[in-house]
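Chains as they are written, first to last, in full-length UniProt numbering: chain A, 1 to 202; chain B, 1 to 202.
2 protein chains.
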Amino acid sequence: MQASPRKEALRNNVVQAAEALVSADGLGALKARDIASRAGCSLGAIYTVFKDIDALILAVNERTLMQLADQLSTFEVQQKADKVDGERWLVGLSHVYLNFAARSKMLWLALFEHRMSVGSELPQEMAEKHQMLFDFIEQPLAILKIGKSPEERQLLARSLFSAVHGMVVLGLEKKLASLSLEALKEQIEEIVSAAVRGLVTR
Amino acid sequence: MQASPRKEALRNNVVQAAEALVSADGLGALKARDIASRAGCSLGAIYTVFKDIDALILAVNERTLMQLADQLSTFEVQQKADKVDGERWLVGLSHVYLNFAARSKMLWLALFEHRMSVGSELPQEMAEKHQMLFDFIEQPLAILKIGKSPEERQLLARSLFSAVHGMVVLGLEKKLASLSLEALKEQIEEIVSAAVRGLVTR
DNA sequence: CATAAAAATGAACAATGTTCAATATGGGTT
DNA sequence: AACCCATATTGAACATTGTTCATTTTTATG
């Protein structure tokens, strides 16, 4: 099933329109008619390039995930070049993640809102993208001399990511009331660096 | 605005019905007509005791939060009686949280799905309930001799909760594929205890 | 029992995702 | 240029769902 150039263009317009709408007002405000209007196509056209809105959201999320991967990748080459030690590398990664979430808040939130509201499993293509995120953590973990097998490091990478993710989610949720972005950054740094120290001095 | 006994009964029926439906099929499957049918009342009756479905979900979430608080409270008296040290106390708290989330998965998920999808701020009554969760962490943190002011401990409690929350969220999401409940428990224990060790040996 | 206040009802409306018969378009062939 | 047909596009129509409100039913009171 090859995509004709016309369909490809339409698909791009639709994804871009949806991305803009999510970015502006969040996933909950995404309406099929708004997408069509912004993409300059008819309502039905959306369904000629996506099975349903869910599939479209998945495409938007894939782009978001790629953008995040870009930032992490750029950061990775810097750290390697600078021969940064494992602890600071990991703390830096958490900062990159926080910055991305804060700057692309709605798109980043959509990544997780969607998974929760959908019963069906997300395609393994997406699962691989998530795995990719964990991979960025394994490098600095390998530098730290913790007595861990590769499998254990994999689990640990996942756990560290999840922990930072939790702090970012709950921290950004009520940024106004309690926590400035800077304070949140310090909190994340404190926990990450404490966890790393605790792991190495086992 | 006092609640008449009849309205009170209706309200209870509606909340119980909603809770049962969420518990069975998740927040996304909650439909006004199903609630009415299960509560044995008319569709319109719901709106005589709740402004809208959002307000009803808030009531369900409040009950869930209270159940969680109960479990944490029971655990707290045990730990005090047993004079458990701070690190094991904190690890135990994370296990109580994980068990609650795993056993009441849908209701627990509703706690967070809802907040994300609603733009309006959640009432401060609910915010206080959340604060209450953090308070359960401050006790064992106070036992550990970390050089921290009460305000810093408050922030730290919040951060630790968030970190554990993140591991539980992402851990339970794909329980089948990668992580058994027991393995998840071990992972959480490893991170929490490492963080605590890192904090005390600062 | 009569009557007013309160409560409950469910038909109707609005918003939204999805489908599909009808219409447009584009490119190849003569 | 004219014709044809496969393909793409359209938007009216339908299904689902939250919400409202005029109407009906129930309850309480004198």
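In this text, a Cβ means the ideal position worked out from N, Cα and C, and glycines have one as well.
Residue i - DSSP class collapsed to helix/strand/coil
i: residue 218(B); result: For chain B, the structure presents residues 1 to 202; residue 218(B) sits outside this window and is missing.
i: Leu176(A); result: In this predicted model, Leu176(A) has a pLDDT of only 45, less than 50, meaning its place in the structure is not dependable; the value taken from the coordinates is given anyway. If DSSP states are grouped into helix, strand and coil, Leu176(A) belongs with coil.
i: Asp85(A); result: coil
i: Pro123(B); result: coil
i: Thr74(A); result: helix
i: Ser162(B); result: helix
i: Ile46(A); result: helix
i: Gly148(A); result: First, the residue type needs correcting, since residue 148(A) is Lys and not Gly in the sequence shown. Coil, per DSSP.
i: Arg202(A); result: coil
i: Asp54(B); result: helix
i: Lys31(B); result: coil
i: Ala3(B); result: coil
i: Gly171(B); result: helix
i: Ser94(B); result: helix
i: Ser37(B); result: helix
i: Ser104(A); result: coil
Other residues of its chain near residue i: CB distance less than 6 angstroms, five sequence neighbours each side excluded
i: Arg38(B); result: Ala17
i: Ile191(B); result: none
i: Ala183(B); result: none
i: Gln79(A); result: Trp89
i: residue 216(A); result: Since the first residue of chain A shown is 1 and the last is 202, residue 216(A) is not available in this structure.
Assigned exposure category for residue i - 16 Cβ within 10 Å defines buried
i: Arg6(B); result: exposed
i: Val14(B); result: buried
i: Leu181(B); result: exposed
i: Arg202(A); result: exposed
i: Val77(A); result: exposed
i: Arg11(A); result: buried
i: Glu19(A); result: buried
i: Leu176(B); result: Here Leu176(B) scores only 45 on pLDDT, less than 50, and its place in the model should not be relied on; the value that follows carries that caveat. That one is exposed.
i: Gly147(B); result: exposed
i: Lys129(B); result: buried
i: Ser4(A); result: exposed
Contact under 8 angstroms by Cβ, residue i with residue j
i: Met167(B); j: Glu62(B); result: no
i: Leu111(B); j: Leu65(B); result: yes
i: Leu72(B); j: Val96(B); result: yes
i: Glu87(B); j: Ser162(B); result: no
i: Val200(A); j: Lys145(A); result: yes
i: Phe75(A); j: Leu93(A); result: yes
i: Met132(B); j: Ala81(B); result: no
i: Gly198(B); j: Arg197(A); result: yes
Other residues of its chain near residue i: CB distance less than 7 angstroms, five sequence neighbours each side excluded
i: Ala157(A); result: Phe134, Ile137, Glu138, Leu141
i: Leu155(B); result: none
i: Gly40(A); result: Asn13
i: Asp34(B); result: Leu21
i: Ala36(A); result: Ser42, Leu43, Ala45, Ile46
i: Glu113(A); result: Leu27
i: Trp108(B); result: Thr64, Phe100, Ala101
i: Leu153(B); result: Before going on, a small fix: residue 153(B) reads as Arg here, not Leu. The residues are Glu138, Leu141, Ala142.
Close-in-space but distant-in-sequence residues of the same chain around residue i (CB under 8 angstroms, 5 per side omitted)
i: Ala195(B); result: Leu160, Ala163
i: Leu179(A); result: Gly171, Gln187
i: Lys185(B); result: His95, Leu98
i: Thr48(B); result: Lys7, Leu10
i: Leu30(A); result: Ala18, Leu21, Val22, Ile53, Ile57
i: Ala32(A); result: Leu43, Ile46, Ile53
i: Asp25(A); result: Met106
i: Glu189(B); result: Val91, Ser94, His95
Check: residue i C-beta below 7 angstroms from any heavy atom of the ligand MN
i: Ala20(B); result: This structure simply doesn't include the ligand MN, nor any ligand for that matter.
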